[in-house]
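Colleague: Under this note's numbering, the residues of the sequence shown are numbered 470 to 744, in order. Even glycine gets a Cβ: it sits at the ideal position worked out from N, Cα and C. Bear in mind the structure is a predicted one, so any value in this text is a computation, not a measurement.
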Amino acid sequence: MRDSKAIKLLTVLFVSIIVLSIPTIHETRAFTNQVIQKGAVGDDVIELQARLQYIGFYEGKIDGVFGWGTYWALRNFQSEFGLPIDGLAGANTKAKLANASKYDQQYVKDQIKKGNKFTHYGGTDLSQQSSPNKGQSGNQGGGDSQPKPSATNTPAGFSQNDIRLMANAVHGEARGEPYEGQVAVAAVILNRVNSASFPNTVSGVIFEPRAFTAVADGQIWLEPNDTAKRAVLDAINGWDPTSSALYYFNPDTATSEWIWTRPQIKRIGKHIFCM
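#1: For residue 576 and residue 720, I'd like the C-alpha separation in whole angstroms.
#2: If we count the other Cβ atoms within 10 Å of its Cβ and call it buried at 16 or more, is residue 604 buried or exposed?
#3: Would you kindly work out how many angstroms separate the C-alpha atoms of residue 574 and residue 533, rounded to a whole number?
#4: Assess contact between the segment 671-685 and the segment 703-711, defined as three or more Cβ pairs (one per stretch) separated by less than 8 angstroms. Is contact present?
#5: So, is residue 711 buried or exposed, given that buried needs 16 or more other C-beta atoms within 10 angstroms?
#6: Expressed to the nearest angstrom, what Euclidean distance is found between the alpha-carbon atoms of residue 627 and residue 660?
#7: For the alpha helix (DSSP H) containing residue 546, list its first residue and its last residue.
#8: Using the three-state DSSP reduction, which class does residue 493 fall into: helix, strand or coil?
#9: Looking at the unbroken alpha helix (DSSP H) that takes in residue 503, where does it start and where does it end?
#10: Buried or exposed for residue 645, going by 16 or more other Cβ atoms inside 10 Å?
#11: Which same chain residues end up closer than 8 angstroms to residue 564 when comparing Cβ atoms and leaving out the 5 residues on each side of it in sequence?
#12: Give a yes or no on whether the C-beta atoms belonging to residue 734 and residue 653 are separated by under 7 angstroms.
#13: Measure the CB-CB distance between residue 505 and residue 558 and report whether it falls below 7 angstroms.
#14: According to the neighbour-count rule (16 or more other Cβ atoms, all chains shown, within 10 Å of its Cβ), is residue 496 buried or exposed?
#15: Within the same chain, show all residues whose beta-carbon is closer than 8 angstroms to that of residue 622, passing over the 5 residues directly before and after it, in chain order.
#16: Rounding to the nearest angstrom, what Cα-Cα distance links residue 550 and residue 649 in this structure?
#17: From the DSSP output, read off the bridge partner residues of residue 510.
Here is the structure:
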């Protein structure tokens with residue numbers, strides 16, 4: 470009897486050890502529940518800065534300190550996404566930001582731990598967006614010995630983040646269209662940036678609520694091909710096949726009655742471009 474009890478006890482202990490040794494699966498979610506505000510520090514602020522930088526609103530250093538740069542970047546995001554403009558990252562603001570951006574926590578924190586500094590987190594390849602910190606501070610661009618090769622080919626007035634976001638939008642909206650049609654989509658984005666009726670930044674135009682199908686269905690995050698990137702550069706350099714159009718739509722799939730009321734300019738591929 471004693472042997473039987475001992476065996477049962479050992480069995481229970483053995484099973485308990487196995488259960489305890491199984492790794493706990495942690496739920497992955499954006500941010501903690503706290504409201505993030507100016508003066509805050511820590512992981513939530515790092516994520517806030519990284520996400521704002523990913524979609525072009527924040528151009529400062531990702532350091533986990535909620536200063537004025539982060540504050541104004543957050544207000545601009547709230548303004549362009551139709552949120553209450555208070556500079557506070559509450560539940561609604563965090564949810565909207567999480568849906569509109571990506572956050573590679575391991576990558577960002579690894580760079581911070583290594584002492585590397587980086588900007589335009591979402592706008593360039595991971596291998597190009599950080600550089601070793603030589604101990605210099607204040608200049609986001611780094612020392613003269615570490616130039617970014619792509620900077621010399623960046624059209625005046627547009628960051629690499631702008632160009633990448635536009636290429637993502639063109640690829641998501643118009644891949645499969647003739648090349649002229651892809652340039653046309655890029656031109657519409659630029660025309661909106663230059664119009665008083667729309668946000669005056671590339672990221673603001675692209676992520677304006679309900680503006681682009683590719684943002685709504687997630688295709689904005691597909692990797693753009695070289696054709697999309699070339700189309701963006703051609704549009705930036707002055708080619709506008711649409712003759713200043715502000716809208717376009719596919720007549721075979723459009724469900725909005727309003728879009729049909731816009732003055733039409735021309736059709737390129739499957740899209741009709743209009744004012």
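Modeller: This is what the structure holds:
#1: 43 angstroms
#2: No answer about residue 604 holds up, because its pLDDT of 38 lies below 50 and its placement is not dependable.
#3: 13 angstroms
#4: no
#5: buried
#6: 14 angstroms
#7: 537-549
#8: With a pLDDT of 39 at residue 493, under the threshold of 50, the modelled position of this residue cannot be trusted; read the value that follows with caution. Reduced to three states, the DSSP call for residue 493 is coil.
#9: Boundaries cannot be given for residue 503, as no alpha helix (DSSP H) includes it and DSSP labels it neither H nor E.
#10: exposed
#11: The beta carbon of residue 564 lies closer than 8 angstroms to those of 499 in the same chain, with the five residues before and after it left out.
#12: no
#13: For residue 505 and residue 558, yes; Cβs fall inside 7 angstroms.
#14: Annotation note: pLDDT 34 at residue 496 (below 50); position unreliable, coordinate value reported separately. Residue 496 comes out exposed.
#15: A caution first: residue 622 carries a pLDDT of 43, below 50, which makes its placement in the model unreliable, though a value can still be read off. So the list is empty, once near-sequence residues are dropped.
#16: Cα-Cα distance, rounded: 30 angstroms.
#17: Looking at the DSSP assignment, residue 510 forms a beta bridge with 534.
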